[in-house]
Amino acid sequence: MYDSDEALEAKGLSGKSGYDIAGPSNAFIGRQIKAGAYQKLDRSLITNYKNINPKLLELMQEVDPGNEYAVPFFWGTNAFAINVNRVKNVLGTDKLPNSQWDLVFNPEYTAKLK
Numbered sequence: 869m870y871d872s873d874e875a876l877e878a879k880g881l882s883g884k885s886g887y888d889i890a891g892p893s894n895a896f897i898g899r900q901i902k903a904g905a906y907q908k909l910d911r912s913l914i915t916n917y918k919n920i921n922p923k924l925l926e927l928m929q930e931v932d933p934g935n936e937y938a939v940p941f942f943w944g945t946n947a948f949a950i951n952v953n954r955v956k957n958v959l960g961t962d963k964l965p966n967s968q969w970d971l972v973f974n975p976e977y978t979a980k981l982k
């Protein structure tokens with residue numbers, strides 16, 4: 869596991885990350901490729917490679933010329949919405965946690981929100 873691009877980079881560049889696959893952001897992947905942190909992709913093993921949006925592959929070439937090491941996975945903004953009143957009702961409180969990510973990752977809350 870890694871919790872930031874910096875942590876992934878440190879592990880990847882050490883050569884001992886233990887990862888089979890990684891998901892760095894565009895801001896980091898270019899220099900990680902240049903540093904030799906990744907193997908080239910074998911596109912024959914990615915059966916849906918042909919379905920990747922060509923515009924995204926074109927944009928990826930800025931950090932991965934020839935699209936040899938990476939494929940776009942997340943692109944754009946991912947949002948999560950919270951029905952505040954319903955969550956408060958299920959939790960039996962009038963206050964949400966300080967970090968609303970706790971509603972997703974903290975077992976104290978996730979057990980109640982299943």
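Numbering (this note's numbering) for the sequence shown: 869 to 982. Backbone N, C-alpha and C fix where the C-beta goes; we use that ideal spot for every residue, glycine too. Computed from a prediction, not measured in an experiment: that's the story for all the values here.
| task | Alpha carbon to alpha carbon, how far is Y870 from L948? Give it in angstroms, no decimals. | result | Position check: residue 948 holds Phe in this sequence, whereas Leu was assumed. Taking the straight line from one Cα to the other gives about 21 Å.
| task | Pull up the distance between the alpha-carbon of E877 and that of F896, whole angstroms please. | result | 8 Å
| Closest by CA to D888, which one among N935, W943, Y906? | Y906
| request: Please determine, among D970, N953, Y917, the residue with the shortest C-alpha to C-alpha distance to D962. | output: N953
| So, D873 versus I901, is the Cβ gap smaller than 8 Å? | no
| If you draw a straight line from the alpha carbon of Y937 to that of M928, how long is it in whole angstroms? | In this structure, the alpha-carbon of Y937 lies about 10 Å from that of M928.
| Best match in I920, P975, G960, K980 for proximity to N935 [C-alpha to C-alpha] | For N935, the nearest C-alpha among the options comes from I920.
| message | Can you check which of these residues, L981, G904, G880, G898, is closest to N957 by C-alpha distance? | response | L981
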